[in-house]
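Asks:
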Amino acid sequence: MDIIIIDGLSFALPLFIMAIGGIYCEKSGVTMLAVEGLQGFGAFVGAFLAVLVAGNFAGDSPIPFYIAMIFAVIGGGFFALLHALLCLKFKANQVISGVVVNIMAMALTAYLTKALNRVLFGATSDKFVLTVSARITIPVLSKIPVLGAVFTNVYPFEIVIVLVAFLAWFVMYKTRFGMHLRACGDNPHAVDAAGRNVTKIRLAAIVICGALSGLGGICFAYSISANFSSSIYVGYGYLAIAALIFGNWRIMPTLFACLLFGFARSGGYRLVQVLQMPSSYQDLVMILPYVLTLLLLVFFSKQNGAPKALGVIYDKGAR
Amino acid sequence: MKQFKKIFQAVKVPLLAILCSLIVGGIIIAITGSNPFRAYYALLQGSGLAPKGSYAGHKSMLTDFMSYVNYFTPMIFAALAVAVALRAGLFNIGVSGQMLAAGFTASVIVGYSELNAVIAKPLVIVIGIVVGGLAGALIGFLKYKFNINEVVSSIMLNYIFQYVVSFFINTYFVDPVSRQSKEISKASRLTLMDTMVGDLKMDIPLGIILALLTVYLVWFLLEKTKLGYELKAVGFSRSAAKYAGIRVGKSMVLSMTVSGALAGLAGVTYYLGYVGSIQPKVLISTGFDAIAVSLLGNNNPFGIVFSTMLITMIGKGGTYMKSAAGVDAEIASVITGIILLFSACNVYIKWKMEAKKRENTSAKEEK
Chain A
1 MDIIIIDGLS FALPLFIMAI GGIYCEKSGV TMLAVEGLQG FGAFVGAFLA
51 VLVAGNFAGD SPIPFYIAMI FAVIGGGFFA LLHALLCLKF KANQVISGVV
101 VNIMAMALTA YLTKALNRVL FGATSDKFVL TVSARITIPV LSKIPVLGAV
151 FTNVYPFEIV IVLVAFLAWF VMYKTRFGMH LRACGDNPHA VDAAGRNVTK
201 IRLAAIVICG ALSGLGGICF AYSISANFSS SIYVGYGYLA IAALIFGNWR
251 IMPTLFACLL FGFARSGGYR LVQVLQMPSS YQDLVMILPY VLTLLLLVFF
301 SKQNGAPKAL GVIYDKGAR
Chain B
1001 MKQFKKIFQA VKVPLLAILC SLIVGGIIIA ITGSNPFRAY YALLQGSGLA
1051 PKGSYAGHKS MLTDFMSYVN YFTPMIFAAL AVAVALRAGL FNIGVSGQML
1101 AAGFTASVIV GYSELNAVIA KPLVIVIGIV VGGLAGALIG FLKYKFNINE
1151 VVSSIMLNYI FQYVVSFFIN TYFVDPVSRQ SKEISKASRL TLMDTMVGDL
1201 KMDIPLGIIL ALLTVYLVWF LLEKTKLGYE LKAVGFSRSA AKYAGIRVGK
1251 SMVLSMTVSG ALAGLAGVTY YLGYVGSIQP KVLISTGFDA IAVSLLGNNN
1301 PFGIVFSTML ITMIGKGGTY MKSAAGVDAE IASVITGIIL LFSACNVYIK
1351 WKMEAKKREN TSAKEEK
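Right, here's the structure in full:
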């Protein structure tokens, strides 16, 4: 039981922060399917920096991880500018733009990982090897029955994510900027009439989305895979999008959706272990989050709370 | 002449996109210290469109070309699948998954049976159409009935197909040496592999005939039938189409079914033609590259044939480019990505071009 909670949380929280990024972008009225690519590119930049500086620190030093985190945020935000350029400047179809950003991210990171490994480290490798982040247990709280598992064997990034998520929630719902952002998704003309620049707000939302996706990506790289390679593109970004749709574009329900995915996954793995099934059954368990997404969408998509201007290219002259 | 001008208008923007991407790609290759012209020429050589320096026994430019045709046949189907869905304003990003589902089902039912070639080959094609069509219809149905975004549902299905197929392969059909699924029977294979023609040993892809026929059929469906017109109307504006009495839901489900069936054909020509076995846990990139191909071909079936040849040339020639010009094969997918990037801006480029033209004519009138 404890293991299910521990593993479930460490999967759900990075997913959650990526979903929050998606919410920011979509709430501002820009369709965001590029989370997958953004998290991968962010993780790539972070992992590269971590490998670059790793030699200067002791093997178990957590500092490269924090450096990786910061640069993953920067890298994700930077790559999101591509989506912004296509959607806001070139007025491309936002769905197509999202797919383009994903394909670009996969192609670029695969190429650059290989090229950088060869040029800088003289190695023929298509991955950056990272460590698995150390885990911490919070002394008193972890002794609480059942719920104590939430505070046991926690990755440090989970704490960071919770803090960032709270900040993101606060900005979205309690500040003027958040209100303008949400208005951009429902009635951009009203925002314009109120004297705000719709394009600028949407640009900010896209960059925030990239930054948060990058953060999520590097957390996956430091926990599940312990390296950066093209194996980072296994659909976490799309899962995050499913979570936010399922959470009706609101942050708290989305958290619930992410937790559900996380526990379904870790619970399934545990089941395979407990019943001592052959390892190929893990493949069957792996489909659980996806089947669950589809089923839940069947029930919840009807009461669709999508922003009204989502995916509509803003045209100042249109009435 | 008028016809020619019309065609030129249509290909102007894609050509510009290709040119820009080749220049950008060339700059990247040059930065990494290789000669871009040699790299691009190697792409042609690798696809059998230009002679190589030397050939192994029983091989020539023609055999290279045939293997290139074998490689691009599935892509034609896949790109048509994307184009048909896009016509109705739907985005089928699940082509890869539908390909896998169709390819796997056909492998299990026909590929591992004792059927002779005359029955097996048509049966493979029928299974491909049916399984792909069902998968597509499911996505269309979910969209129509439950308002589930087709992008999300097709991606979820991609993963589900991938893991389920991987489970069955690893449990029942695995070849212990190659760690892939067991190779299918020769009779069921849609490509005649290593066939001696004169002195040459070549792969003869039978699927290409079907592919070219399908290109014409899809064009006919989209441009000359009522259904095609309705799909287009739905794609332009759902509410306007509804107001005009078109049953939007039916159109969406139908277009996804046709799209899925085409993806199924892509699947059988890939898994039971080009490769002959299935690698577990891998979703091939054909379905995603097909989006680029379709966009580049203006979503026009005939345009798709040319854009398929171009994009697959980059993929197919990539391996030879690595050995001949020392350029990483991964750069090929970067170039594909850049082409896609420029073609995504096509609306803007077209609009800019027209705006300039308008400016010119109005300036002339003022004089």
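Quick mapping for you: the protein sequence lines, in order, are chains A and B.
Using our numbering, the letters of the first sequence correspond one by one to residues 1 to 319.
Using our numbering, the letters of the second sequence correspond one by one to residues 1001 to 1367.
Backbone N, C-alpha and C define an ideal beta-carbon position, used for all residues, glycine too.
Any idea if A:Leu275 is buried or exposed, counting beta-carbon neighbours within 10 angstroms, 16 or more meaning buried?
Replies: Result: exposed.
Asks: Taking the continuous alpha helix (DSSP H) assigned at B:Lys1002, which residues delimit it?
Replies: First-last of the alpha helix (DSSP H) with B:Lys1002: 1002–1031.
Asks: Would you check if there are 3 or more beta carbon pairs closer than 8 Å linking the segment 1165–1185 of chain B to the segment 1262–1280 of chain B?
Replies: Contact between the segment 1165–1185 of chain B and the segment 1262–1280 of chain B is present, because at least three Cβ pairs lie under 8 Å.
Asks: Quick check on the DSSP output: the beta strand (DSSP E) that includes B:Leu1254 runs from which residue to which?
Replies: No beta strand (DSSP E) holds B:Leu1254; the alpha helix (DSSP H) holding it covers 1248–1269.
Asks: From B:Ser1285 to B:Ile1093, what distance separates their C-alpha atoms?
Replies: C-alpha separation (whole angstroms): 11 Å.
Asks: What number of angstroms, rounded off, separates the C-alpha of A:Leu239 from the C-alpha of A:Val99?
Replies: Approximately 15 Å, taken between the alpha carbons.
Asks: Which residues, in order along the segment 1146–1174 of chain B, keep a beta-carbon less than 7 Å from a beta-carbon of chain A?
Replies: The residues in question are Phe1146, Asn1147, Ile1148, Asn1149, Val1151, Val1152, Ser1153, Ile1155, Met1156, Tyr1159, Ile1160, Tyr1163, Val1164, Ser1166, Phe1167, Asn1170, Thr1171.
Asks: List the DSSP bridge partners of A:Val129.
Replies: Its beta-bridge partners are A:Asn227.
Asks: By alpha-carbon positions, which one of A:Asn197, A:Val132, A:Leu260 ends up nearest to A:Pro62?
Replies: The option with the nearest alpha carbon to A:Pro62 is A:Val132.
Asks: Report yes or no: do the segment 1262–1269 of chain B and the segment 1072–1090 of chain B share at least 3 C-beta pairs separated by less than 8 Å?
Replies: With the cut-off at 8 Å, the segment 1262–1269 of chain B and the segment 1072–1090 of chain B touch.
Asks: When you check each C-beta in the segment 36–51 of chain A against every C-beta of chain B, which residues fall closer than 7 Å?
Replies: Residues passing the 7 Å Cβ filter: none.
Asks: Quick check on DSSP: helix, strand or coil for B:Ser1181?
Replies: Here B:Ser1181 sits in strand by DSSP.
Asks: Quick check on A:Gly235 - is its C-beta less than 7 Å from some C-beta in chain B?
Replies: Answer yes: the Cβ-Cβ gap between A:Gly235 and chain B drops below 7 Å somewhere.
Asks: What are the start and end residues of each continuous alpha helix (DSSP H) run of 4 or more residues lying completely inside the segment 130–195 of chain A, in chain order?
Replies: If we require 4 residues or more, the alpha helix (DSSP H) runs fully inside the segment 130–195 of chain A come out as 156–174, 176–186, 188–193.
Asks: When you compare each of B:Ser1096, B:Glu1354, B:Val1327, B:Asn1360 to B:Asn1035 by their alpha carbons, which one comes out closest?
Replies: Comparing Cα-Cα distances from B:Asn1035 to each of B:Ser1096, B:Glu1354, B:Val1327, B:Asn1360, the minimum goes to B:Val1327.
Asks: Considering only the beta carbon of each residue, do B:Lys1046 and B:Gly1317 sit closer than 7 Å?
Replies: Sequence inspection shows Gly at residue 1046 of chain B; the Lys mentioned does not correspond to that position. Result yes, Cβ atoms of B:Gly1046 and B:Gly1317 sit closer than 7 Å.
Asks: If you draw a straight line from the alpha carbon of B:Tyr1374 to that of A:Gly317, how long is it in whole angstroms?
Replies: Because residue 1374 of chain B is not part of the residues shown, which for chain B are 1001 to 1367, the question remains open.
Asks: Compute the distance between the beta-carbons of A:Gly37 and A:Asn102, then report whether it is under 7 Å.
Replies: Yes, these two residues count as a Cβ contact at 7 Å.
Asks: So who's on the other strand from B:Thr1191, going by DSSP bridges?
Replies: In the DSSP output, where bridge partners are listed per residue, B:Thr1191 has B:Pro1205.
Asks: Do you know whose CA, among B:Glu1183, B:Glu1150, B:Ser1178, B:Leu1190, lies nearest B:Gly1128's CA?
Replies: When each option's Cα is compared against that of B:Gly1128, the closest is B:Leu1190.
Asks: Does the segment 26–43 of chain A come into contact with the segment 178–193 of chain A, if we say contact requires no fewer than three beta-carbon pairs (one atom in each stretch) closer than 8 Å?
Replies: Contact between the segment 26–43 of chain A and the segment 178–193 of chain A is present, because at least three Cβ pairs lie under 8 Å.
Asks: I want to see whether chain A comes within less than 7 Å of B:Glu1330, judged by CB atoms only; does it?
Replies: By this cut-off, B:Glu1330 is an interface position.
Asks: Return helix, strand or coil for A:Met32, following the three-state DSSP convention.
Replies: Here A:Met32 sits in coil by DSSP.
Asks: Under the rule that 16 or more other beta-carbon atoms within 10 Å means buried, what is B:Asp1372, buried or exposed?
Replies: There is no way to answer for residue 1372 of chain B, as the model of chain B reaches only from 1001 to 1367.
Asks: Roughly how many whole angstroms lie between the Cα atoms of A:Met172 and A:Gly214?
Replies: Looking at the two C-alpha atoms, the distance is approximately 19 Å.
Asks: Shortest alpha-carbon distance to B:Ala1042 belongs to which of B:Ile1314, B:Phe1342, B:Val1248?
Replies: Minimum Cα distance to B:Ala1042 is reached at B:Ile1314.
Asks: Counting only the same chain and skipping the five closest in sequence on each side, list residues whose C-beta sits under 7 Å from that of A:Lys127.
Replies: Excluding sequence neighbours, A:Lys127 sits near Thr113, Asn227, Phe228, Ser229.
Asks: Have a look at A:Gly237, A:Leu13, A:Ser97 and flag the residue whose alpha-carbon is nearest the alpha-carbon of A:Gly42.
Replies: Minimum Cα distance to A:Gly42 is reached at A:Gly237.
Asks: Which one or two residues does DSSP pair with B:Met1196 in a beta bridge?
Replies: According to DSSP, which records beta bridges pairwise, B:Met1196 is partnered with B:Lys1201.
Asks: Please go through the segment 1117–1172 of chain B and give each complete alpha helix (DSSP H) segment of 4 or more residues, from N-terminal end onward.
Replies: Listed in chain order, they are 1117–1146, 1150–1168.
Asks: For B:Val1174, write down the residues that DSSP places opposite it in a beta bridge.
Replies: BP columns for B:Val1174 point to B:Ser1181.
Asks: Cα separation between B:Thr1073 and B:Leu1134?
Replies: C-alpha separation (whole angstroms): 22 Å.
Asks: Along the chain, where does the alpha helix (DSSP H) containing B:Asn1298 start, and where does it finish?
Replies: That residue, B:Asn1298, is in no alpha helix (DSSP H); it is neither H nor E in DSSP.
Asks: Run down chain B in chain order and give the residues with a C-beta less than 7 Å from the C-beta of A:Ser280.
Replies: Going along chain B in sequence order, the residues near A:Ser280 (Cβ under 7 Å) are Phe1167, Asn1170, Thr1171.
Asks: Compare the C-alpha of A:Phe320 against each of A:Val95, A:Ile74, A:Ala168, A:Arg176 and name the closest.
Replies: Any answer about residue 320 of chain A is impossible in this case: the structure gives chain A only from 1 up to 319.
Asks: For A:Asp186, tell me which candidate among A:Lys308, A:Ala12, A:Leu9 has the shortest Cα-Cα distance.
Replies: With distances taken between Cα atoms, A:Asp186 lies closest to A:Lys308.
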